[in-house]
Amino acid sequence: MPGTVGGRGLRLAGVLALVAVILVLELAWRNHVWSGLERRDGQCVMVGTRVDNGNVPVVSCQRTGARLVSSVVRPSGDCQHGEEKVSVRQEMSHDTGYIGALCLRTPQPER
Numbered sequence: 453m454p455g456t457v458g459g460r461g462l463r464l465a466g467v468l469a470l471v472a473v474i475l476v477l478e479l480a481w482r483n484h485v486w487s488g489l490e491r492r493d494g495q496c497v498m499v500g501t502r503v504d505n506g507n508v509p510v511v512s513c514q515r516t517g518a519r520l521v522s523s524v525v526r527p528s529g530d531c532q533h534g535e536e537k538v539s540v541r542q543e544m545s546h547d548t549g550y551i552g553a554l555c556l557r558t559p560q561p562e563r
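So, in structure tokens, the structure goes:
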């Protein structure tokens, strides 16, 4: 059958191109979300023990339960002694979705 090999090659190339586009879009999304996490550094946030939707609300440091972001690390990174590590997950990911972690501590009261 003439053209069958060429047709299969074209379909394979199309599928590979689609996979490449999806991976590039995910990389762009992860970089966007990572930048958002880095913008939280030095700010007070209100989060639980884990963030599952990527949403990290900034609040006043005087608010009860607020915690100060002392640094942002990759999921495998470590926080300094005395800081709590809170993993941040983004649902738009093909793997575990964990894109980073916040190192949190209790803010010092103003004098």
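Quick note on the working numbering: the sequence shown kicks off at 453 and runs consecutively.
We treat Cβ as the ideally placed atom computed from N, Cα and C, and that holds for glycine.
Everything numeric in this text was worked out from a predicted model, so none of it was measured.
**Message:** Taking only three categories from DSSP, how would you classify ARG492?
**Reply:** Within the sequence shown, residue 492 is the residue found at index 40, counting from 1. DSSP places ARG492 in coil when its eight states are reduced to three.
**Prompt:** Alpha carbon to alpha carbon, what distance is there between ARG463 and MET453?
**Reply:** Counting from one through the sequence shown, the residue named residue 453 turns up at place 1. Counting from one through the sequence shown, the residue named residue 463 turns up at place 11. Only weak support exists for where MET453 lies, its pLDDT of 49 falling under 50; the value from the coordinates is given anyway. Looking at the two C-alpha atoms, the distance is approximately 17 Å.
**Request:** Return the Cβ separation of VAL511 and CYS496 in integer angstroms, given the expectation that the two are a contact with Cβ distance under 8 Å.
**Result:** Position 59 of the sequence shown holds residue 511. Position 44 of the sequence shown holds residue 496. Between CYS496 and VAL511 the Cβ distance is about 6 Å, and since that is below 8 Å, they are a contact.
**Request:** Return the first residue and the last residue of the beta strand (DSSP E) that SER512 is part of.
**Result:** The sequence position of residue 512 within the sequence shown is 60, counting from 1. It is not in any beta strand (DSSP E) - SER512 carries neither H nor E in the DSSP assignment.
**Contact between the segment 548-558 and the segment 517-535 (3+ Cβ pairs under 8 Å)** = For the pair of segments examined, the segment 548-558 was found to touch the segment 517-535: the number of CB pairs separated by less than 8 Å reaches three.
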